[in-house]
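Heads up: the structure comes next, in structure tokens.
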Amino acid sequence: MAYPSPPKLNLPVDPYEVGGYHFRDRVRRKILLWATHLGDDVQAVVGTEVKAIGDGEVVWSEIRPGSEKKKNWGGLVVVGHNNDQLDGAGFQTFYSVYGHLMNLRVNTGDFVIGGQTLGVVAERLTPENGWWEIAHLHFGIYCGPWRDVVLPGYKRIEEFRTKTKWWQDPCSFIEQYNSN
Ligand SMILES: [Zn+2]
Numbered sequence: 018m019a020y021p022s023p024p025k026l027n028l029p030v031d032p033y034e035v036g037g038y039h040f041r042d043r044v045r046r047k048i049l050l051w052a053t054h055l056g057d058d059v060q061a062v063v064g065t066e067v068k069a070i071g072d073g074e075v076v077w078s079e080i081r082p083g084s085e086k087k088k089n090w091g092g093l094v095v096v097g098h099n100n101d102q103l104d105g106a107g108f109q110t111f112y113s114v115y116g117h118l119m120n121l122r123v124n125t126g127d128f129v130i131g132g133q134t135l136g137v138v139a140e141r142l143t144p145e146n147g148w149w150e151i152a153h154l155h156f157g158i159y160c161g162p163w164r165d166v167v168l169p170g171y172k173r174i175e176e177f178r179t180k181t182k183w184w185q186d187p188c189s190f191i192e193q194y195n196s197n
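So in the working numbering, spot 140 of the sequence shown is number 157, and the numbers just go up one at a time.
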């Protein structure tokens, strides 16, 4: 699958301040259940525009509302990108993942350009936010295969849908991409 190849990547919100879990943080949900957080939880006020980090194709745009008892993604957008500048090392195809959005402005199959608004940060404890306590953006970089199924936000030990090695630290990934 060949997605558009952005010449440069930008962060999805400005300023970009991780306020909750960082990439690879251990998440403690219940006494014995641990998980690895697969992205950054970026602090942002309700209504903050969330922008595509670079040119790409939307492969997922949907509200996964969950419920008060079972939190979920809320508004989730996934954009596929290619890295054509690559000479051997790194990932040929990668995906940017944006969670807990409302007012989704793109549909699956849309082509987007870097800086284009995908949606805005949703209010806490709403279906669009996925019923989390704080309004925030969950932002991740996924470099695994695209299988047309929703991606998880964290990996539990018994979670077989994904592998930790398929996820990259968002900030360092973008920095490294732009230095190529
Ligand atoms: Zn998160």
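Ideal Cβ positions, reconstructed from N, Cα and C, are used throughout, including at glycine.
One Cα belongs to Y33, the other to V59, and the distance between them is close to 6 Å. Short note on Y38: C-beta closer than 7 Å to some heavy atom of ligand 1. Non-local beta-carbon contacts of Y20 in its own chain, meaning distances under 7 Å to residues more than five positions away in sequence, involve G73, E74, G97, H98, N99 and T110 in chain order. By DSSP's assignment, K25 forms no beta bridge with any residue. For I191, the enclosing alpha helix (DSSP H) stretches over residues P187 to S196. Take the alpha-carbon of H117 and the one of L26: they are about 21 Å apart. Within 7 Å of the C-beta of G170 there is at least one heavy atom belonging to ligand 1. Under DSSP, the beta-bridge partners assigned to V59 are V35 and L154. Apart from the 5 residues on each side of it in sequence, G132 sits with its Cβ closer than 6 Å to the Cβ of K68 in its chain, given in chain order. Residue environment analysis places I151 among the exposed positions, since fewer than 16 neighbouring C-beta atoms fall within 10 angstroms of its C-beta. Selection P187, E176, I191 and S189 evaluated against T53 yields E176 as nearest (Cα-Cα). In the structure shown, the three-state DSSP call for T65 is coil. DSSP, reduced to helix, strand and coil, places K172 within a strand of the structure shown. The beta carbon of D127 sits closer than 6 Å to the beta carbons of V75 from its chain, once the five residues preceding and following it are set aside; these are given in chain order.
Counting of Cβ neighbours within 10 angstroms places S78 among the buried residues, the total reaching 16 or more. When E145, K180 and W148 are compared, the shortest CA-CA separation from C160 is found for K180.
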